[in-house]
Amino acid sequence: MARQNMKTGRIKLSDERRSDLIAMTQHFVSTEFDQTLSEFQAQNLLDFFVRHLGAPIYNQAVQDVRGFLQEKVSDLDVEFYEPEEPRR
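Next up, the structure:
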């Protein structure tokens, strides 16, 4: 049962990614908990996690990238600053 891309805020899963995550969820639950999830159950579990954990994880990733880029931009001043000749 294929679904269209799920929209949860800005988090959109392609059909291929969604299918892979459903299969991974089923495998994880089977391996770790010795339980079998139907595709429907795995889809619902994935939807729950994307809806409730997706935005906080996404936002943290954006903050991490922002900090990384700000650090690199600050390094530009140190690495590439060229002193100017005084004006006469």
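Numbered by the numbering used here, the letters in the sequence shown go through residues 2 to 89 in order.
Glycine included, each C-beta is placed from N, C-alpha and C at the ideal position.
{"Asked": "Out of curiosity, what's the CA-to-CA distance linking residue 1 and residue 70?", "Found": "Lying before the first or after the last residue shown, residue 1 is absent from the chain, which here runs from 2 to 89."}
{"Asked": "With the cut-off set at 9 Å, would you say residue 38 and residue 30 are in Cβ contact?", "Found": "yes"}
{"Asked": "Under 9 Å between the Cβ atoms of residue 19 and residue 47?", "Found": "yes"}
{"Asked": "Rounded to a whole number of angstroms, what is the C-alpha to C-alpha distance between residue 26 and residue 15?", "Found": "16 Å"}
{"Asked": "Helix, strand or coil for residue 14? Go by DSSP, reduced to three states.", "Found": "strand"}
{"Asked": "Could you give the distance in angstroms between the alpha-carbon of residue 73 and the alpha-carbon of residue 28?", "Found": "40 Å"}
{"Asked": "Under a Cβ-count criterion, where at least 16 other Cβ atoms within 10 Å of its own Cβ denotes burial, should residue 79 be classed as buried or exposed?", "Found": "exposed"}
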